[in-house]
Ligand SMILES: Cc1cc2nc3c(=O)[nH]c(=O)nc-3n(C[C@H](O)[C@H](O)[C@H](O)COP(=O)(O)OP(=O)(O)OC[C@H]3O[C@@H](n4cnc5c(N)ncnc54)[C@H](O)[C@@H]3O)c2cc1C
C-alpha cells in the first residue's frame, strides 16, 4: 500500500535547503523588468492619459495600456473587469474600460532595462481623472444611487433564494425563536510569497508565463481570451508556489505580463521579463475573503427540533465579481448549517462596492455562513437549556436527509460521526478545569480574578468541488516503461503544489493505482505544454478529483501494458457526477457532488480587563474519508486552524473610503507563533466518500470553517456575552463586554 | 523602501558633531539608526547628511554616584543588564529590557530613543515618572532639562538643531517601590500603552506616588490625578479603582490611536495597566 502512509513530502528537501526556486528567485542574466501601475483611484473616470514623459525615461522599452489589449476584459466566472483601465481601449469588449472601480485596478505595465527605470517611468505617467462618488459598503451599494457597473442595472448583481416548506408553519411550531445579526470581516491571504512572474516567448513561439497560480489551464484561458489568441499559443508553467489559499485564483500578473512579452517580441525584443510585487502591492492588488453581514432568525421546539430558518445574506463583492457569485452560493447553503431544516427562507445578495474585490479564500463562503449558523445553534441551545452538542446531534443531516436545496444529500453524510468523535476526544462531558493565569503574548499576566475560562463547540459542512452545475473535470496521463516488469511510470498532471503536499499525494495515489513501488513513479507537473487540465487546487477538490483521474488513467495504462504497448499509455479526463444550478425561484437543485464534514471544540481563557484571548486547546474532528497521507492531513488541519485563528481573532483589514489603510504585515496582524492555540488535537475521521478515490474526501478547507463560531461560543461560556462580530480583537472584546454591562 | 541618497561622516568628537549639525540643518545625528533609518526608508525623513556619533567614548558608559548617569550612546541592552541601573531605577532596566527585540536592544540607544520621541517608546515613560534630567550640549555650552519638559508632542522634543544629548541623569530611587508595565504591539513590541509608577511607601501607606503614561498618549506624560488618588492611600482596591479612572481623565486630551488600537481602547487600558503596575511594584 502506498496510500495511508505519511510519506515524506517530496518537495520538502528542496524547499528547506533553498534549492527550489519560487518565481521571484528565478534568475536569468538578461532579464528586463516590468512594473504594473495601479490606478490608486477607488472610483474615478479616466479623462486623459499621457505617457510621453514616462516613455522618455532612459531605459524604458515599452509601456502598455488598455489600448494594447485586444479584448480588454477579465473575469473568472463573468467578464466585468477591464484588464487595464484606460481611455483608448479597443472596444472589443462590452466592459466599459475608462472607469477605475478599485484602488488596485491596473492602468499600465511599464517594461524597462532596470526595475528602477520601470519605477521612475511609472511615476511619470500622467493621468487626468474625474472622481466619481464612492460606494463604501453593502448598505451604500443597496441604495443603487451610484452604480459601480451601470450596465448591470443594480449593484446587487447576484441573488440566490431558498424557499423550502412553509414559513408560517415553521414559526407556529417554534417554542423559541432566536434572532441574530452577524458581521464578518475581510481577510487577506498573506501568503509568504507575494506575486511574481517571468514571461517570454518560448522556442515554439508560445507566450509563456512562469508564475504561482492555482489552475494552469484557467490562467491560460484568461490570457488567451484577453489576447484573442488560441489557448495553445499561451503556455503557463508553475514553479514552486509560496502559498495560495484561493488568493491566486484570479489573475494578477498573468495577462499584463503576457501582453508585454507579446508586444515586445513583435518589436524584436526577446529577453525574458520579470516582475514582482511588494507586500503592499500584494495586499492592495489582489482580492480578499468577502466581508459580509447576515441577519437571521431560527425557530425550534422546546425539545430542540429546528422548525424554521430565515436568513438574509449581504456579501460585499467589491469592485468586480471575481468569484463572488460562486462564493455566495456556498454561503447561501452554509448559512443554514449541516442540519435538517423543514422550513426555510433564505435570500443572499452579492453587492458591488468600490472596494477591494472579494474572492476565493479557503472555505469559500462557508466560514461566513457557519459563523451565523453555528452562533444561532449555540444561542438556541442556551435558550432551550439543551447541551449544544446534543442539539446538534438532534438536528444534524444524515444519509436519508433532504438537503436545504430540497434534494437528497449525496451519500456518505458523516456530520453525526464527526460531532461525536470531537466530543469524545475533547472530553466534552467532563467539567472544564478552572482558569489559570496566563501570559498572553501581547499582554501582562492577569491575576486570576480577571480571567474567565470557557469551552465552545461548532460544526460545519462544505461542498467538495465547485459544483452548482459547473462542468468539473480533471485530466491525468500515465506512461509505463519497461519490458517484462514495469520499471518506471510517469504521471503527467497539472495539480498546483501550493504547499499543501499535493504532489506527494499524487505520487502515492499513482503507486497505489498501478500497484507498483512508490520510488518508480516520476512526475511531469504543471506545465500546459505537457500536462492536461486538472481544474483548480481549490474547493478541497484536488485529491478527490486527481485520485479518480489517476485511477482511471492507471486502469487504461495497465490495459495497454497487457496489450504489450511500450510505453503503455493511459489518459483520461475524469468527470464526476453532474450537478444543478439551484432554481431561481425555489432554490431547489442537486447543487453539489459531495460534502466534507467537521466539528471543533475550543477551550480558551479570556482576560476580561484587556480583551486578550488565549486558546489552550482546539480539538478538530475532520472526516477525510481515507487519509492518503495522514501527516499531510494533520498539517492541513493545523494550518487551517492557525489561519482561522487569525480570521477570528487578530486580522483586521481596515478599508476606509475605498482604500486599505493597513497593507503591511506590521499593521495587518496575522498570528505569530506565540499567539496561536497552544494545542491542536487532530482527529482523523474516516467515513468513506462513496465517490472518492479509495473513499478519500475533500478536507483541507473544513477545519477553517467552525473555528470562529466555536471561539465565540467559548467566549460566551466564559463571559455570558455573545460575540456576533469578528475579529475578536482585544478592542472588540472589551467594547462588547462593556456594551453588555450597560444593557444588562 | 530605499532612502534618498545621503552623505555619511563619522564625528570625531561631540563638539565636531555639534558643529557639523549646526552648520548644516540638513544634517542629522546618527546613533543606533534603529529609528532614523526606518524613517528614512519610508521617506518620512530625508536628511542630506548623517553624522555618526556611535563611536564617541564620551557618550558611553553608565555610572552611579549619588545619582545615576547614563551616557546617551548606552544601548537598551546595556541599560537592561546594568547592576547600577537595577539598583537605582530598576524599572528603567525593565523598560529597556522590553524594547523591541534583541537586535533593536543591541543597537538602539537611550539618547536616540528619547531624541526620536516616538510616542510608543518605553524608556521615556519611566524617565518622566522618575524625574530624570536630560543633559544636552550645544555650541553655546551645556544645558539640562527635566524629562517632563523634554517630551512635548508626537516626535517632538525640546531639542534644537545642533544640540546633542550627552547623558541622562536619574535620581536614586532604590528605596521606592516601582514598576513599568506595558501592552506590547504584537508586531513591533512598541507600547500600545505603558505605565510607570514610583511609590514612596510608609508601611502599608503610600506616602507619595509618581505616575507616567506612554504609548496611549502623544508623548510620555505625568498623570497627576492618578498620583493624588494613590498618595495617602493604602493602595486598596478602592484607591486603585479611583486611580484607574483618574489616569483615564489625566490623559484624555493627549490620546493617540491607530487602526488596530483606537484611542478609546488605549485610554481604558491605561487604567488597567495602572492597577497592574501598582500591584507589580508592590510585588
Ligand atoms: C523593530 C523595532 C522595534 C522597536 N520597538 C521598540 C519598543 O518596543 N520600545 C521602544 O521604546 N523603542 C522601540 N524601538 C525603537 C528603538 O528603541 C530605537 O533604537 C530608538 O528609539 C532609537 O535609538 P537609535 O540609537 O537607534 O537612534 P537613531 O535611529 O540613530 O536616531 C533617532 C533620532 O535621534 C537623533 N539622535 C540620536 N542620538 C542623539 C543624541 N545623542 N543627541 C541628539 N539627537 C540624537 C537622531 O538624529 C534621530 O533623529 C524599536 C525599533 C525597531 C526598529
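Protein chains in written order, with my numbering: chain Z, 1 to 744; chain G, 745 to 1027.
Just so you know, even glycine gets a beta-carbon here, dropped at the ideal spot from N, CA and C.
Please read these numbers as outputs of a predicted model, since none were measured by experiment.
**Against chain Z: residues of the stretch 988-1011 of chain G by CB proximity under 7 Å** = 1003, 1004, 1005, 1006, 1009
**Message:** Tell me the rounded alpha-carbon separation between residue 376(Z) and residue 140(Z).
**Reply:** Here residue 376(Z) corresponds to residue number 376 of the first chain, with the count starting at 1. Here residue 140(Z) corresponds to residue number 140 of the first chain, with the count starting at 1. So the two alpha carbons sit approximately 27 Å from each other.
**Listed by chain order, chain G residues near residue 666(Z) by CB distance under 8 Å** = In the first chain, counting from the first residue as 1, residue 666(Z) sits at position 666. Going along chain G in sequence order, the residues near residue 666(Z) (Cβ under 8 Å) are 931, 932.
**Prompt:** Which residues in the same chain as residue 830(G) place their Cβ atom closer than 6 Å to its Cβ, once the five residues preceding and following it in sequence are excluded?
**Reply:** For the purposes of this step, residue 830(G) is taken as residue 86 along the second chain, with counting starting at 1. Correct list, in chain order: 837.
**Asked** residue 387(Z): which of 458(Z), 597(Z), 338(Z), 728(Z) sits nearest, CA to CA?
**Response** In the first chain, counting from the first residue as 1, residue 387(Z) sits at position 387. Cα-wise, what sits closest to residue 387(Z) is 458(Z).
**Prompt:** In chain G, what lies closer than 7 Å to residue 740(Z) by C-beta?
**Reply:** For the purposes of this step, residue 740(Z) is taken as the residue at position 740 of the first chain. Those within 7 Å of residue 740(Z) in chain G number zero; the least Cβ separation is about 15 Å.
**Item:** Beta-carbon neighbours of residue 939(G), restricted to chain Z and to distances below 7 Å
**Value:** As a position in the second chain, residue 939(G) is number 195, starting the count at 1. The premise fails here: residue 939(G) is roughly 10 Å from chain Z at the closest Cβ pair, so nothing lies under 7 Å.
**Message:** So if I threshold CB-CB distances at 8 Å, which residues from the stretch 659-686 of chain Z count as touching chain G?
**Reply:** 661, 662, 665, 666, 667, 669, 672, 675
**Residues of the stretch 774-803 of chain G whose Cβ lies closer than 8 Å to any Cβ of chain Z, in chain order** = none
**Message:** If we define contact as Cβ-Cβ less than 9 Å, is residue 955(G) a contact residue for chain Z?
**Reply:** Along the second chain, one-based indexing puts residue 955(G) at 211. Not closer than 9 Å to any Cβ of chain Z, the Cβ of residue 955(G) fails to qualify, so no.
**Asked** Fully enclosed by the stretch 50-119 of chain Z, which beta strand (DSSP E) runs are 3 residues long or longer?
**Response** 60-64, 106-112
**Request:** Buried or exposed for residue 746(G), please, with buried defined as at least 16 other CB atoms from any protein chain shown within 10 angstroms of its CB.
**Result:** Translated into the one-based positions of the second chain, residue 746(G) becomes position 2. By the 10 Å Cβ count, residue 746(G) comes out exposed.
**Asked** Using a beta-carbon distance cut-off of less than 9 Å, what residues from the stretch 834-847 of chain G approach chain Z?
**Response** none
**Request:** Give the straight-line distance between the Cα atoms of residue 1034(G) and residue 668(Z), rounded to the nearest whole angstrom.
**Result:** In the structure as shown, chain G starts at 745 and stops at 1027, and residue 1034(G) therefore has no counterpart that could be examined.
**Message:** Quick check for students: name the residue ranges of the alpha helix (DSSP H) that lie wholly in the stretch 531-617 of chain Z, counting only runs of 4 or more.
**Reply:** 542-562
**Message:** Given a cut-off of 9 Å on the beta-carbon distance, is the pair residue 180(Z) and residue 118(Z) in contact?
**Reply:** As a working note, residue 180(Z) is residue 180 in the first chain. As a working note, residue 118(Z) is residue 118 in the first chain. No, they are not a contact pair.
**Item:** Contacts around residue 490(Z), its chain only, beta-carbon distance under 6 Å, and the 5 residues preceding and following it disregarded
**Value:** Residue numbering aside, residue 490(Z) sits at position 490 when the first chain is read from its first letter. Excluding residues within five positions, the ones whose Cβ falls inside 6 Å are 479, 522.
**Run of the beta strand (DSSP E) containing residue 177(Z), from where it starts to where it stops** = One-based indexing of the first chain puts residue 177(Z) at position 177. Where residue 177(Z) is concerned, the enclosing beta strand (DSSP E) stretches over 176-184.
**Asked** Residues in the stretch 714-729 of chain Z with C-beta within 9 Å of chain G's C-beta atoms, listed in sequence order?
**Response** 729
**Prompt:** When every heavy atom of ligand 1 is checked, does at least one fall within less than 8 Å of the C-beta of residue 885(G)?
**Reply:** Here residue 885(G) refers to the residue found at position 141 of the second chain. It does not: the Cβ of residue 885(G) is nowhere closer than 8 Å to a heavy atom of ligand 1.
**Asked** Count the other CB atoms within 10 Å of the CB of residue 782(G); is the residue buried (16 or more) or exposed (fewer)?
**Response** Stepping through the second chain from its first residue, residue 782(G) is reached at position 38. That one is exposed.
**Message:** Any beta carbon of chain Z sitting closer than 9 Å to that of residue 870(G)?
**Reply:** Numbered from its first residue, the second chain carries residue 870(G) at position 126. It does not: the Cβ of residue 870(G) has no partner Cβ on chain Z nearer than 9 Å.
**Request:** With a threshold of 8 Å, establish whether the CB of residue 27(Z) neighbours any heavy atom of ligand 1.
**Result:** Start at 1 with the first residue of the first chain, and residue 27(Z) comes out as number 27. No, Cβ of residue 27(Z) sits at least 8 Å from all heavy atoms of ligand 1.
**Contiguous alpha helix (DSSP H) assignments of at least 4 residues, all confined to the stretch 237-268 of chain Z** = 254-266
**Prompt:** Going by C-alpha distance, which of 596(Z), 644(Z), 518(Z) is nearest residue 686(Z)?
**Reply:** Counting from 1 along the first chain, the entry for residue 686(Z) is found at position 686. Ranking the options by Cα distance to residue 686(Z), first place goes to 596(Z).
**Prompt:** Just checking, does the stretch 201-214 of chain Z make contact with the stretch 245-252 of chain Z on the three C-beta pairs under 8 Å criterion?
**Reply:** yes
**Asked** Taking 8 Å as the cut-off, does the CB of residue 806(G) come closer than this to any heavy atom belonging to ligand 1?
**Response** Within the second chain, residue 806(G) is the residue found at index 62, counting from 1. For ligand 1, not one heavy atom lies less than 8 Å from the Cβ of residue 806(G).
**Request:** Consult DSSP for residue 851(G) and reduce its assignment to one of helix, strand or coil.
**Result:** For the purposes of this step, residue 851(G) is taken as residue 107 along the second chain, with counting starting at 1. Residue 851(G) falls in the helix class under three-state DSSP.
**Message:** Considering Cα atoms alone, identify which of 591(Z), 506(Z), 115(Z) is closest to residue 3(Z).
**Reply:** If you number the first chain from 1, residue 3(Z) lands on position 3. With distances taken between Cα atoms, residue 3(Z) lies closest to 506(Z).
**Item:** Opening and closing residue of the alpha helix (DSSP H) in which residue 840(G) lies
**Value:** Working through the second chain from its first residue, we reach residue 840(G) at position 96. Taken as a continuous stretch (DSSP letters only), the alpha helix (DSSP H) holding residue 840(G) covers 827-841.
**Asked** Any Cβ of chain G within less than 9 Å of the Cβ of residue 609(Z)?
**Response** As a first step, residue 609(Z) must be located in the first chain, where it is residue number 609. So yes, residue 609(Z) belongs to the interface.
**Asked** Closest to residue 994(G) by CA distance: which of 780(G), 969(G), 983(G) is it?
**Response** Here residue 994(G) corresponds to residue number 250 of the second chain, with the count starting at 1. Among 780(G), 969(G), 983(G), the Cα nearest to that of residue 994(G) belongs to 969(G).
**Prompt:** Shortest alpha-carbon distance to residue 167(Z) belongs to which of 310(Z), 520(Z), 659(Z), 527(Z)?
**Reply:** Stepping through the first chain from its first residue, residue 167(Z) is reached at position 167. If we check each option's Cα against that of residue 167(Z), 310(Z) comes out closest.
**Message:** Under 9 Å, Cβ to Cβ, is there at least one residue of chain Z near residue 1016(G)?
**Reply:** As a first step, residue 1016(G) is located in the second chain; it is residue number 272 there, counting from the start. True, the Cβ-Cβ gap to chain Z drops below 9 Å.
**Asked** Does the Cβ-Cβ distance between residue 468(Z) and residue 581(Z) come in under 9 Å?
**Response** On the first chain, position 468 is the one that residue 468(Z) refers to. On the first chain, position 581 is the one that residue 581(Z) refers to. Yes, they are a contact pair.
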